[in-house]
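Novice:
2 protein chains.
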Amino acid sequence: MEKQNVTIYDVARESGVSMATVSRVLNGNSNVRQATKEKVLKVIDDLDYRPNAVARGLASKKTTTVGVIIPDVTDGYFSSLARGIDDIATMYKYNIILANSDDNPDKEASVLNTLLSKQVDGIIFMGNEINDDLRADFKRSDCPIVLAGSVDINNSVPSVNIDYADAVKNETERLIKNGNSRIAFASGSMKQDVNKKYRLKGYVSALENNGIKFNEKLVFETKGTYEDGYDLAEQIINDKVTAAVATNDELAAGILNGMTDRGVSVPQDFELFTSNNTKLAKMMRPQLSSITQPLYDIGAVAMRLLTKIMNKEEIDNRYVVLGYEIVERDSTK
Amino acid sequence: MEKQNVTIYDVARESGVSMATVSRVLNGNSNVRQATKEKVLKVIDDLDYRPNAVARGLASKKTTTVGVIIPDVTDGYFSSLARGIDDIATMYKYNIILANSDDNPDKEASVLNTLLSKQVDGIIFMGNEINDDLRADFKRSDCPIVLAGSVDINNSVPSVNIDYADAVKNETERLIKNGNSRIAFASGSMKQDVNKKYRLKGYVSALENNGIKFNEKLVFETKGTYEDGYDLAEQIINDKVTAAVATNDELAAGILNGMTDRGVSVPQDFELFTSNNTKLAKMMRPQLSSITQPLYDIGAVAMRLLTKIMNKEEIDNRYVVLGYEIVERDSTK
DNA sequence: CTGTTAGCGCCTTCAC
DNA sequence: GTGAAGGCGCTAACAG
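So the protein sequences, as listed, match chains G and E.
Residue numbers for the first sequence follow the working numbering, beginning at 15 and rising by one.
Residue numbers for the second sequence follow the working numbering, beginning at 15 and rising by one.
1) Of the choices E:Gln48, E:Asp60, E:Asn45, E:Asn41, whose alpha-carbon is the least far from that of Asp24 of chain E?
2) Are Gly243 of chain E and Asn262 of chain E closer than 7 Å when you measure CB to CB?
3) Using a threshold of 7 Å, state whether the C-beta atoms of Pro300 of chain E and Leu336 of chain E are closer than that.
4) Going straight from the alpha carbon of Glu16 of chain G to that of Lys75 of chain E, what length do you get?
5) So Gln133 of chain E contacts chain G; which residues on that side make the cut at Cβ distance below 7 Å?
6) Is Gly30 of chain G near the ligand ATP - that is, is its Cβ less than 6 Å away from at least one heavy atom of it?
7) Identify every run of the beta strand (DSSP E) within the segment 30-101 of chain G, keeping only runs that are complete inside it and at least 3 residues long; order them along the chain.
8) Quick check on Leu286 of chain G - is its C-beta less than 7 Å from some C-beta in chain E?
9) According to DSSP, which residues form a beta bridge with Arg286 of chain G?
10) Smallest Cα separation from Ser289 of chain E: which of E:Arg318, E:Thr274, E:Ser201, E:Thr35?
11) Look at the Cβ atom of Pro158 of chain G, then the Cβ atom of Leu319 of chain G, and state whether they are nearer than 7 Å.
12) Quick one: what's got a C-beta closer than 8 Å to Ala123 of chain G's C-beta in the same chain, skipping five residues either side?
13) Can you tell me whether Asn339 of chain G is buried or exposed, with buried defined as 16 or more other CB within 10 angstroms of its CB?
14) Of all the CB atoms in chain G, is at least one closer than 7 Å to the CB of Ile13 of chain E?
15) Taking any Cβ of chain G, which residues in the segment 95-120 of chain E have a Cβ under 8 Å from it, in chain order?
16) Within 7 Å of any Cβ in chain E, is that where the Cβ of Arg9 of chain G sits?
17) Is the number of C-beta pairs between the segment 190-206 of chain E and the segment 243-256 of chain E that are closer than 8 Å three or more?
18) Between the beta-carbon of Thr88 of chain G and the beta-carbon of Ser164 of chain E, is there less than 7 Å?
19) Under 6 Å Cβ to Cβ from Ser173 of chain G, same chain only, skipping five residues before and after it: list those, please.
20) For Phe234 of chain G, which residues does DSSP report across the bridge?
21) Listed from N- to C-terminal order along the chain, which residues in the segment 237-256 of chain G have their beta-carbon within a distance smaller than 9 Å of any beta-carbon of chain E?
22) Looking at the unbroken alpha helix (DSSP H) that takes in Tyr240 of chain G, where does it start and where does it end?
23) Could you pull out every residue in the same chain whose Cβ sits closer than 7 Å to the Cβ of Met33 of chain G, ignoring the five residues on either side in sequence?
24) So, helix, strand or coil for Met15 of chain E, using DSSP?
25) Can you give the Cα-Cα distance for Asp177 of chain G and Phe234 of chain E, rounded to whole angstroms?
26) Apply the 10 Å Cβ neighbour rule to Gln133 of chain E and answer buried if 16 or more other Cβ atoms are within range, or exposed otherwise.
27) Pick out whichever of G:Thr77, G:Tyr91, G:Ser345, G:Ile323 has its Cα sitting closest to the Cα of Val278 of chain G.
28) Does Ser44 of chain G pass the burial test, meaning 16 or more other C-beta atoms within 10 Å, or should it be called exposed?
29) Does Asn145 of chain E come out as helix, strand or coil in the three-state DSSP assignment?
30) Compare the Cα-Cα distances from Ala260 of chain E to each of E:Arg276, E:Asp275, E:Phe284 and report the closest residue.
31) Flag this pair as yes or no: are the beta carbons of Ile99 of chain E and Met317 of chain E separated by less than 7 Å?
32) Determine the direct distance from the alpha carbon of Ile83 of chain G to that of Val125 of chain G, and round the result to whole angstroms.
33) Strictly by DSSP, which residues pair up with Val174 of chain E?
34) Apart from the five residues just before and just after Ile144 of chain G, which ones in its own chain have a Cβ nearer than 6 Å to its Cβ?
35) Where does the unbroken beta strand (DSSP E) through Thr21 of chain G begin, and where does it stop?
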């Protein structure tokens, strides 16, 4: 058993043409006579030749791979985005280098670096916090970057999102219409601009529009985990809150179970809206009312946008805002 | 703004040494005087030089990236494995090319091919069905491959798993001890050897060990989705089944909700065990009793095993079987 | 339409 | 300890 050694040179020799010609048929260059093309193709098949993408990358300066930075694949929100990204990437003949960052700035910076050293053609970044360092890295990188389901208040990079503020505003108003006035805002980290600058704002403006005074005590900041939500339920009960908007599904799931396990009936005595409509929302009992984000599409559109940028096509809109809807299931009246 | 052009040659010139020397300090080769080393390092820093991994890969025939084939990142079982894989990969300075296959043989073959053309140093394969074609591809590839949480009855490739048969046997026996005799085996596709050759076998042997006659009618084959489970509940009710073992968590979640929504109380009138203990198991109400697979570890160990193989280290055991436990929560008595 | 010739950026003997 | 030189496998002008 020898190692795979057959190179473009071998197939050139075997088929009695030059490597240039082989390269041409490989790359679908039209300037090849049909006959020669077929001859070469046959040899390629006979020799079981497989072009070396690394050599190709070095010569052409294109690797047909894009980097994807994700906080955690295990998170249903991000993995849904990732799936959309990969599908579109595959469609455009790209592969994906996936790297978990845990939203940790150091890891992000480090990963970004190794991605760049691997000469990826582009990068899709997902992350909840984008700080100045990262923005600077992005700028310096001279590599196409698109944010997917991730917000940069500075709009320093192209991105694909929904209107988070508007969505939360909408949810909150429905809660108000249902007669609630003590509505909690159950949030993941406020270091995240989505939460602090967008969702919270939507929450506040819904309150104001309806003459309800904003009460800082009803804003609960957590790390956004299921456990956080579960524990938070106790506090929510003590604070006599009658409804809540949660910024992500696992947190909401925790709150829901926390309330139910403590004897509160949802939605009769407590209403709850969540924000991502991951699979989880439908699996909970009662099922969670939610903003329905087009998660897969956000990833898909982000990847599509990236291909355009890598391809230097004209871009009409670098800051895509996809539509969302609200589905009322059983956690609201 | 120029493109990044600084190469090893530039830093060689700037620091007044040859590229060979720069290459040496880059690769931690000891045969470099401390003084020169520092000088070079400084220039590297000044020039903001970043070695080109592609060129490096071509020259050294090592890309420090491994391919990961996964049915669907969106699936909690596999994404947990993927997380373990990535963490260990990162620890050993590898990156991961992640590709979704949907368990589709064509996609798997195609992805495998492009992975090989990209000269990955190794591959972690996750998938529920491994057929002869795939085995042949593996064999022909001459590339280290490890299966993670995926079973190959032929043991043609190194793998990391738990003892699925034993685990299901255990669950089933507990159900029997609780007084059940009409126990369903709710399964994903029987084309999958884990289900057909392992889990089902465990189920059957538990029955036999306890003098219960195996009833084929109580084996329900589905595609393993949440919806499948939900629908299946009706049939389960009609068949007067009093307990079930499900082969994966989403399926179990569907069954659970399907039963509950149809007015059956769990675990009083129906007991349920599931098999993967993903996050979901704890989020359901009642919480799902389950086999607790060390998902993250399976991925991590698989990746570690792969590094050893890539590194041509001595391997004591190519077919790792990790321990599992059973946690009884509220879906069983 | 096809062949020739340079590299792409780095590693790796082999001398010195 | 350090430099020179030859590839790695392929693409990309440039000729013809």
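For every residue, glycine included, the Cβ atom is placed at its ideal position computed from N, Cα and C.
Specialist: Concretely, from the data shown:
1) E:Asp60
2) no
3) no
4) A caution first: Glu16 of chain G carries a pLDDT of 39, below 50, which makes its placement in the model unreliable, though a value can still be read off. Answer to the nearest angstrom: the Cα atoms are 15 Å apart.
5) Asn66, Ala67, Val68
6) The model on display carries no ligand, and the ligand ATP is accordingly not part of it.
7) 79-84
8) no
9) Going by the sequence as given, residue 286 of chain G is Leu instead of Arg. Paired residues: G:Ala258.
10) E:Ser201
11) no
12) Asp147, Leu148, Asp151
13) The amino acid at residue 339 of chain G is misidentified as Asn; the sequence shows Glu. Looking at its Cβ environment, which holds fewer than 16 other Cβ atoms inside 10 Å, Glu339 of chain G is exposed.
14) A question about residue 13 of chain E goes unanswered here, because the residues of chain E that appear run from 15 up to 347.
15) Ala96, Arg97, Asp100, Asp101, Thr104, Asn109, Ile110, Ile111, Leu112, Ala113, Asn114
16) Examination of residue 9 of chain G is not possible in this model, given that chain G is present from 15 through 347 alone.
17) yes
18) no
19) Leu161, Tyr333
20) G:Ala200
21) Tyr240
22) 240-252
23) Ile22, Tyr23, Ala26
24) With a pLDDT of 32 at Met15 of chain E, under the threshold of 50, the modelled position of that residue is not reliable, and the figure given next carries that caveat. Coil at Met15 of chain E, not helix or strand.
25) 44 Å
26) buried
27) G:Ser345
28) exposed
29) coil
30) E:Phe284
31) yes
32) 8 Å
33) E:Ala162, E:Val334
34) Asp166
35) Thr21 of chain G -> no beta strand (DSSP E), and no H or E assigned at all.
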